[in-house]
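Q: So in UniProt numbering, spot 30 of the sequence shown is number 30, and the numbers just go up one at a time.
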Amino acid sequence: LPDGFDSTRVAAEREAASDHQGGATATALVLFTGDIGANRAALQAKAEDLGGPFIPNDDGTAALVPLDVADGTASDSEGAIEDLRNRASANLPDDISSSVTGPAAIRADLAGVFSGANFKLLAVTAAIVAILLVFTYRSPFLWLIPLAVTGLADRLVASTYPRILDALGMQWDESTGGILSVLVFGAGTNYALLLISRYRDELTQVDDRFTAMARAWRPTVTTTVASAATVVLGVLCLLASHTPTTRSLGVAASFGIVVAFVFGTFVLPGALLWFGRWIFWPRSPRVGDTTEHRVFDAVGGAVKKRPAAILAMSLFALGAMSLGTFSISTGLNQSDQFIDTPESISAARELSEAFPDASATPAIISTEDITATSERLSDAGLQPRPNDEGFIEVSGATTPELRAILDGTGAFVGGGDAELYDTETAAADDRRVVFPLVLGLIFVALLFLLRSVVAPLVMTGSVLLTNVAALGAGWWVSHHLFGFDRFDSSTPLYAFVFLVALGIDYSIFLVTRAREDANTVGTRNGILSALCSTGGVITSAGILLAAVFAALGVLPLVALAQIGIVICIGVLLDTLIVRSLVVPAVVQLCGKKFWWPSRPHRQTERVLGETAPS
């Protein structure tokens with residue numbers, strides 16, 4: 001829960017009260033539906049066996065039995081609810097059905113839907129990476145090396161990050177592992193693709209594979225250090241969040257990127273050298289081989305011929321997709337957070353129909369004067385219910401309405417609905433703080449990397465536009481194709497941070513190579529040669545990264561599916577439009593001013609005393 005909000009305070013007070021009374025508990029609601037009147041005696045006996053009061057509704061179609069169950073770890077809650085469901089359904093009359101809802105059951109079902117989900121995500125992600133690597137390299141052997149190295153990095157991160165977060169006293173949840181696995185596989189294989197592409201090129205220039213690797217490693221490390229540093233800076237901005245689990249994701253993600261970088265930079269080269277050239281079979285590179293870049297030669301030619309028109313059309317397309325952001329709604333209800341509806345959520349809907357004045361997640365009021373607060377609620381037409389823990393439970397009013405009623409009384413409103421309301425409020429605050437922080441830090445990092453003002457402005461602006469377009473297009477896909485009514489409150493924040501941090505990578509890969517080539521052929525020709533030489537590998541890396549983030553859809557939460565959709569679209573936009581069209585077109589229009597105020601040291605000037613083409 002976010003820091004500094006009323007619902008967080010109430011949750012902490014309830015936890016302290018439960019500990020004082022001998023252990024944490026949470027409310028579970030057993031709902032019986034059917035002909036209650038004809039089976040009243042049997043159901044009253046069942047309620048007595050379960051240990052709670054028997055509460056029938058007015059029309060005799062449902063009965064409710066509220067209970068307190070142990071609320072320890074997620075697995076403890078899951079076991080307690082499973083036992084309660086078995087006891088509630090045992091030996092019931094044929095025309096009576098039972099289900100369990102309430103805060104305890106919802107938490108248990110959340111833990112239950114993640115059971116085995118992260119393993120499924122790992123399997124799907126690894127399969128996607130393997131298929132795309134086979135397609136990229138056309139080799140029956142080569143794909144195994146980057147997949148194995150990245151897989152080792154992922155397993156190291158998965159086994160280590162919980163210990164790091166625990167040592168730092170940070171809270172984390174089940175979704176952290178899923179996002180982290182996708183991030184490590186995506187970033188790790190991207191670094192591998194860059195190194196292998198450069199290594200393969202060098203093998204066509206020199207015979208000795210160790211020399212080829214040394215020549216490939218140095219410029220690749222320069223690029224990947226810049227890439228990893230910008231991603232780490234970006235995700236660490238999540239530390240500015242109100243929400244503890246969001247802050248922990250920032251720490252875990254930065255650790256994952258560092259591990260992926262280390263494995264891609266230091267482990268992968270040794271593994272490739274161990275096997276030699278034959279690992280590329282049947283397309284083993286030989287000295288003197290040339291590589292054709294027909295697709296990107298054509299793209300570069302079009303950009304060179306009509307840069308203004310290409311830029312205008314690209315910006316128009318991104319702007320059109322950005323229009324979707326005006327219709328975005330955020331804040332999923334608890335019942336809408338699961339892709340497949342678990343029993344606790346369906347039972348909560350049945351409960352609201354059978355008991356209109358009840359709720360599976362009633363508001364919990366913390367107050368020093370229970371009598372006066374109850375009277376204030378009663379005067380407002382509500383039915384307060386003091387519980388054994390010293391709190392008041394009440395249904396029938398929204399969180400803002402309850403807070404308005406109790407304004408000035410010193411009472412605090414908590415409970416499931418209040419927690420969702422405060423989480424949405426905190427998420428809006430986070431976006432106002434984190435968005436400019438991410439952009440500012442990455443702009444400063446690019447200033448140091450490129451020693452330029454214009455280039456970082458172009459790159460930061462383009463990735464911002466890509467992000468807005470991805471959010472707009474992602475909303476249309478989520479809402480109209482998959483039927484999600486709203487974005488989860490975390491979706492815009494996570495999508496923005498990861499898209500900005502990861503999306504800037506491809507422009508870094510392109511622009512740093514263009515700066516190298518500008519030494520010999522000038523700025524305008526340098527960006528085109530860089531596009532040709534890096535186009536294939538960056539496109540492969542972008543498609544791979546988009547695909548592994550789309551794999552988040554195998555997890556059971558709507559929020560993770562939405563994050564995967566937006567990032568998948570954003571990475572594809574950045575790869576296919578921004579890096580291939582927008583940045584090269586801007587460089588064609590700016591010429592050497594793109595590097596202002598610095599000026600790449602051009603080989604033609606140094607050796608020939610001539611001015612290279614701008």
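Glycine is no exception: its CB is placed at the ideal position from the N, C-alpha and C atoms.
Any idea what DSSP makes of Gly414, helix, strand or coil?
A: Reduced to three states, the DSSP call for Gly414 is strand.
Q: Does DSSP put Glu48 in a helix, a strand or coil?
A: Note: Glu48 maps to helix in three-state DSSP.
Q: I'd like to confirm the pairing. Which residues does DSSP put opposite Asp68 in its beta bridges?
A: Answer by DSSP bridge pairing, in chain order: Thr27.
Q: Could you pull the start and end residues of the beta strand (DSSP E) that Glu393 belongs to?
A: That run of the beta strand (DSSP E) goes 392-394.
Q: Would the beta-carbon of Asp49 fall within 9 Å of that of His242?
A: Cβ atoms of Asp49 and His242: not closer than 9 Å.
Q: Taking all protein chains shown into account, decide if Phe482 is buried (16 or more other Cβ within 10 angstroms of its Cβ) or exposed.
A: By the neighbour-count rule (16 or more Cβ atoms within 10 Å), Phe482 is not buried but exposed.
Q: Are the region 167-176 and the region 195-205 in contact at 8 Å, needing three or more beta carbon pairs?
A: Result no; under three Cβ-Cβ pairs closer than 8 Å.
Q: Look up Ser327 in the DSSP assignment and give the residues it is bridged to.
A: DSSP lists no partner for Ser327.
Q: Of the choices Lys46, Gln562, Ser97, Phe5, whose alpha-carbon is the least far from that of His480?
A: Ranking Lys46, Gln562, Ser97, Phe5 by Cα distance to His480 puts Gln562 first.
Q: Output the distance between the C-alpha atoms of Ile345 and Arg155, rounded to the nearest integer angstrom.
A: Answer to the nearest angstrom: the Cα atoms are 34 Å apart.
Q: Which residue marks the beginning of the alpha helix (DSSP H) containing Val287, and which one marks its end?
A: Where Val287 is concerned, there is no enclosing alpha helix (DSSP H), given that its DSSP letter is neither H nor E.
Q: Using CA atoms only, rank isn't needed, just tell me which of Arg85, Ala541, Leu152, Pro386 is closest to Val100.
A: Of the listed residues, the one whose Cα sits closest to Val100 is Arg85.
Q: Identify whether Thr367 lies in helix, strand or coil by the three-state DSSP scheme.
A: Thr367 falls in the coil class under three-state DSSP.
Q: For Tyr494 and Phe549, I'd like the C-alpha separation in whole angstroms.
A: Taking the straight line joining both Cα atoms gives about 12 Å.
Q: Please state if the CB of Phe484 and the CB of Asp340 are separated by a distance shorter than 9 Å.
A: No, the pair does not count as a contact, with Cβ atoms beyond the cut-off.
Q: Under the assumption that Leu168 contacts Gly256 (Cβ atoms under 8 Å), give the Cβ distance between them as a whole number of angstroms.
A: Not confirmed; about 15 Å, so no contact.
Q: Express the C-alpha separation of Val438 and Ala130 in angstroms, rounding to a whole number.
A: Whole-angstrom Cα-Cα distance: 32 Å.
Q: Is the distance from the Cβ of Cys590 to the Cβ of Asp297 below 9 Å?
A: No, Cβ-Cβ distance for Cys590 and Asp297 is not below 9 Å.
Q: If you draw a straight line from the C-alpha of Leu233 to the C-alpha of Ala347, how long is it?
A: If I take the Cα positions, the gap works out to 44 Å.
Q: Any idea if Arg247 is buried or exposed, counting beta-carbon neighbours within 10 angstroms, 16 or more meaning buried?
A: That one is buried.
Q: Hey, could you find the ends of the beta strand (DSSP E) residue 617 is sitting in?
A: This structure leaves residue 617 out entirely; the chain is present only between 1 and 614.
Q: Which residue's Cα is closest to the Cα of Ala63: Val69, Phe54, Ala70?
A: The residue with the shortest Cα to Cα distance from Ala63 is Phe54.
Q: According to DSSP, simplified to helix, strand and coil, what is His406?
A: The identity of residue 406 in the sequence shown is Leu, whereas the question assumes His. Here Leu406 sits in coil by DSSP.
Q: Starting from the C-beta of Asn118, find all residues in its chain whose C-beta is less than 6 Å away, skip the five residues before and the five after it, and write them out in chain order.
A: These residues qualify, in order along the chain: Gly177, Gly178.
Q: Should Thr371 go down as buried or exposed, given a rule of 16 or more other Cβ atoms within 10 Å for buried?
A: When all chains shown are included, Thr371 counts as exposed.
Q: Give me whichever residues DSSP pairs with Thr33 in a beta bridge.
A: DSSP lists Ala62, Ser97 as partners of Thr33.
Q: Helix, strand or coil: how does DSSP classify Phe443 here?
A: In this structure, Phe443 counts as helix in the three-state DSSP scheme.
Q: Can you give the Cα-Cα distance for Ala271 and Ile145, rounded to whole angstroms?
A: Answer to the nearest angstrom: the Cα atoms are 7 Å apart.
Q: Would you identify the three-state DSSP class for Gln603, choosing helix, strand or coil?
A: In this prediction, Gln603 has a pLDDT of 47, which is less than 50 and means its spatial position is unreliable; what the coordinates show is noted afterwards. Of the three classes helix, strand and coil, the one that applies to Gln603 here is helix, per DSSP.
Q: Do you know offhand how far Glu13's Cα is from Leu402's?
A: C-alpha separation (whole angstroms): 19 Å.
Q: To which residues of the same chain is Thr220 closer than 7 Å at the C-beta, ignoring the five residues directly before and after it?
A: Once the five neighbours on either side are set aside, the close Cβ partners of Thr220 are Leu194, Leu195, Arg198.
Q: Taking the straight line between their C-alpha atoms, what separation do you get for Ala42 and Val413?
A: So the two alpha carbons sit approximately 38 Å from each other.
Q: So which of Ala546, Val30, Arg218, Ala252 has the shortest CA-CA distance to Gly474?
A: Considering only alpha carbons, the answer is Ala546.
Q: Which runs of the alpha helix (DSSP H) at least 4 residues long sit entirely within the region 239-298? Give them in chain order.
A: As far as the region 239-298 is concerned, its whole alpha helix (DSSP H) runs of at least 4 residues are 244-262, 268-275.
Q: If you check the beta carbons only, do Glu424 and Thr330 fall under 9 Å apart?
A: Contact flag set, yes.
Q: Determine the contact status of Ile565 and Ser478, defining contact as a CB-CB distance below 9 Å.
A: Going by C-beta atoms, Ile565 is nearer than 9 Å to Ser478.
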